[in-house]
Each structure stands twice: as structure tokens, then as C-alpha cells.
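Using numbering that gives the first Met the number 0, the first residue of the sequence shown is number 0, and each one after it goes up by one.
Glycine residues also receive a C-beta, built at the ideal position from the N, C-alpha and C atoms.
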Amino acid sequence: MPSLRRITPDLLLGRLDGIAAALESRSGTLLLLGLGSVGADLGRLDAHSDLDFFVVVEPAWKTEYVQSVHWLEQAAPLAFHFQNTADGRKALFEDGILAEYAVFTPDELSNATCAGGRVIWARPGQPVPALRERPAPAPVSLDPASLDWQVNEALTNLLVGLHREARGEKLSAQRFVQGYAVDRVLTIASLLFEGDAGQRDPFAPERRAEVRFPTLAADFAAMMPGYGHTRAAAQAILNWLRVHAPVPAGLTRELDRLLAGVEVEHPRPPVNW
Numbered sequence: 000m001p002s003l004r005r006i007t008p009d010l011l012l013g014r015l016d017g018i019a020a021a022l023e024s025r026s027g028t029l030l031l032l033g034l035g036s037v038g039a040d041l042g043r044l045d046a047h048s049d050l051d052f053f054v055v056v057e058p059a060w061k062t063e064y065v066q067s068v069h070w071l072e073q074a075a076p077l078a079f080h081f082q083n084t085a086d087g088r089k090a091l092f093e094d095g096i097l098a099e100y101a102v103f104t105p106d107e108l109s110n111a112t113c114a115g116g117r118v119i120w121a122r123p124g125q126p127v128p129a130l131r132e133r134p135a136p137a138p139v140s141l142d143p144a145s146l147d148w149q150v151n152e153a154l155t156n157l158l159v160g161l162h163r164e165a166r167g168e169k170l171s172a173q174r175f176v177q178g179y180a181v182d183r184v185l186t187i188a189s190l191l192f193e194g195d196a197g198q199r200d201p202f203a204p205e206r207r208a209e210v211r212f213p214t215l216a217a218d219f220a221a222m223m224p225g226y227g228h229t230r231a232a233a234q235a236i237l238n239w240l241r242v243h244a245p246v247p248a249g250l251t252r253e254l255d256r257l258l259a260g261v262e263v264e265h266p267r268p269p270v271n272w
């Protein structure tokens, strides 16, 4: 039986280098910036980190790089992806690495805000604008009224939350799973059961939830069992989503793996003799 290998910082950085190589080989690309733990804060990088990055392209190419993932698949096969904002996507590689990225033009990058940016690759002669080192405002979702968007966002909330729980960030994990993902569940229930005649508060999806969704309310205790019980909450939410909405196989397969505590086998790098 082959030995199983966890995601490592070297694997994450190698994947980022693979993305850089893919961009370098393609037309219209200018710059790749790593952010956060794959940016200037490399000391935080660990087995539960994801890849956050900005891609900068010529204006005429922006739509192509937002809507297509061929360039990303050039680095490694994808299990799942969806466009979560007007500028970017979330994508899960088959080996379990999660990426969240945005595509900007040079002018748009000048107005972008981020934390811990680091140049991974730049086309020769491409100037790098000074980034505003402060947390970015929450990106505007692409289509929050879409059932697919809500389901995919809920599932990626579970994925991030489970990794943070495994790292020991129990409070952050609780918020991602028992807060953000549950908000998505409430919106999904509104889309499925209420239609246009619903009483949803667009600013507070939890308002009147027990009255609006009496059947769902019976699951609230399992979905929100409290601090330190995030894995059980994630399982309950995943079970509910599987019953009530179409879920992408690649993403749910990774969630099942995390919930079962099974490590994934990663290809070993070639040996140069």
C-alpha cells in the first residue's frame, strides 16, 4: 500500500510556482501576486493553508482569465471550481489544495486592497504598483440569488472551517461553519421553499427562521452545537445540503475525506539522478 502524504508548505509553494509557469506561457498575462500565508506572511504557511492570489492581465484579456480555468488546470487537475465574485473564483485541486483568486487589470490592481502581497512572477518590464496593505472589503458576490452560488459558497465555508478546526483555530472554524455556512443554508431554504413571496430579511437571514422554516429549525441544534463541535456541525450541514440541493461531487468528496480524517496521496516529485 502506498504511503499517504499530507499537503505541505513545499507542495503549496510548488503549486503556486506551477501557476506562475502557466501564466508565463500564456498571452495577456502580466503578474502573479501571492497573498497572506503564500504572500509576505510565509511564516504562517502550513498543511491547512490555501492559495490566495491575484492575477494581473492586460485589459482585453480579463474576461478570458476570469471565466476560463484552462490556465489553472495547466498547473494541476481541478476537482471543482466556481465563479464567486465578478473578478474571481474559488477552485479545489484534485489533491485537496484550495485556491481563491481574483483577476485584475493594472488599473484595477492599483485600487485593490490586500494583506501581505508578494510578487511570485512578473513579466519583464511589468511595474508592480504599491499595494494598499490593509484588509480588503468583502467582495461583492456574483449572484447571491443563485442556488448554485449559495450551495457552493456554503460548501467552501465548510471546507475552510474544517481546515481551521484542524489547525486549532476553533473560534474561526465555528464562525465559518456554524455562522457563514448556516447563513447560506437559510438563504438556500428561502430559495427552495419561499420563492418571491418569502419574508426573508436581506440583511439578516436568521430573522423569523423558526416560523419560516419549521422543518429546518429542527436541525438547528445539530448545525450549531457550539464552540469545539465544528466537525459535527459541518457533517450536519453537509447532510442537509445533500438532501435538499445538487452538490458538486469533487468538493463533497474532499469534505467527506476531511470529516473521515483520511489523508490524500500526492504524486511524488520526479527524482533527478
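Alpha-carbon spacing of residue i relative to residue j, whole angstroms
i: glutamate 264; j: arginine 5; result: In this prediction, glutamate 264 scores a pLDDT of 47, lower than 50, which makes its location untrustworthy; the coordinate-derived value is nonetheless stated afterwards. Whole-angstrom Cα-Cα distance: 7 angstroms.
i: phenylalanine 175; j: threonine 229; result: 9 angstroms
i: arginine 241; j: alanine 248; result: 10 angstroms
i: arginine 183; j: alanine 233; result: 13 angstroms
i: leucine 22; j: valine 65; result: 13 angstroms
i: leucine 32; j: serine 109; result: 13 angstroms
i: glutamate 57; j: glutamate 63; result: 11 angstroms
i: glutamate 107; j: glycine 13; result: 27 angstroms
i: methionine 327; j: lysine 169; result: As displayed, the chain neither begins before 0 nor continues past 272, which places residue 327 out of reach and without an answer.
i: proline 136; j: glutamate 99; result: Its pLDDT being 46, under 50, proline 136 is placed unreliably in this model, and the value from its coordinates should be taken loosely. Their backbone Cα atoms lie some 15 angstroms apart in a straight line.
i: isoleucine 18; j: leucine 161; result: 25 angstroms
i: threonine 7; j: lysine 89; result: 20 angstroms
i: glutamine 82; j: glutamine 173; result: 25 angstroms
i: alanine 144; j: leucine 71; result: 27 angstroms
i: valine 54; j: histidine 69; result: 14 angstroms
i: proline 76; j: valine 210; result: 44 angstroms
i: threonine 214; j: leucine 11; result: 42 angstroms
i: alanine 221; j: alanine 20; result: 45 angstroms
i: arginine 252; j: alanine 59; result: 36 angstroms
i: glycine 260; j: asparagine 238; result: 17 angstroms
i: valine 246; j: serine 67; result: 21 angstroms
Proximal residues to residue i (C-beta, below 7 angstroms), its chain only, five neighbours per side dropped
i: alanine 244; result: Leu146, Val150 and Ile187
i: valine 127; result: Leu30, Val118 and Ala121
i: leucine 185; result: Pro204, Glu205 and Ala208
i: alanine 216; result: Ala208 and Glu209
Distance CB(residue i)-CB(residue j) smaller than 8 angstroms
i: leucine 276; j: leucine 254; result: For residue 276 there is no data in the structure shown, the boundaries of the chain being 0 and 272.
i: leucine 34; j: aspartate 51; result: yes
i: threonine 112; j: lysine 61; result: no
i: arginine 163; j: aspartate 45; result: no
i: glycine 124; j: glycine 38; result: no
Cβ-based neighbour list, residue i, same chain, cut-off 6 angstroms, excluding 5 preceding and 5 following
i: arginine 43; result: Ser36
i: alanine 180; result: Ala153, Asn156, Leu157 and Ile236
i: leucine 258; result: Gln234
i: alanine 78; result: Leu91, Glu93 and Gly249
i: alanine 231; result: Pro224
i: threonine 28; result: Leu22 and Val56
i: aspartate 200; result: Arg206
For residue i: DSSP bridge partner residues
i: serine 120; result: The amino acid at residue 120 is misidentified as serine; the sequence shows tryptophan. Per DSSP, Leu31.
i: aspartate 51; result: Glu99
i: histidine 80; result: Ala90
i: valine 56; result: Thr28
Beta carbon proximity, residue i to chain C, threshold 8 angstroms
i: leucine 108; result: In summary, chain C is missing from the structure at hand, where a single protein chain is found.
From the options, residue whose alpha carbon lies closest to that of residue i
i: glutamine 73; options: Gly225, Arg25, Asp40 and Gly116; result: Arg25
i: glutamine 177; options: Asp200, Phe219 and Val210; result: Phe219
i: isoleucine 96; options: Lys89, Asp49 and Gly160; result: Asp49
i: glycine 87; options: Pro123, Val102, Ala172 and Gly225; result: Val102
i: histidine 47; options: Gly124, Leu215, Val159 and Leu41; result: Val159
i: aspartate 9; options: Ala20, Leu41 and His69; result: Leu41
i: phenylalanine 212; options: Tyr226, Glu193 and Trp70; result: Glu193
i: histidine 80; options: Ala20, Trp148, Asn238 and Gly227; result: Trp148
i: tyrosine 226; options: Val68, Val246, Trp70 and Ser171; result: Ser171
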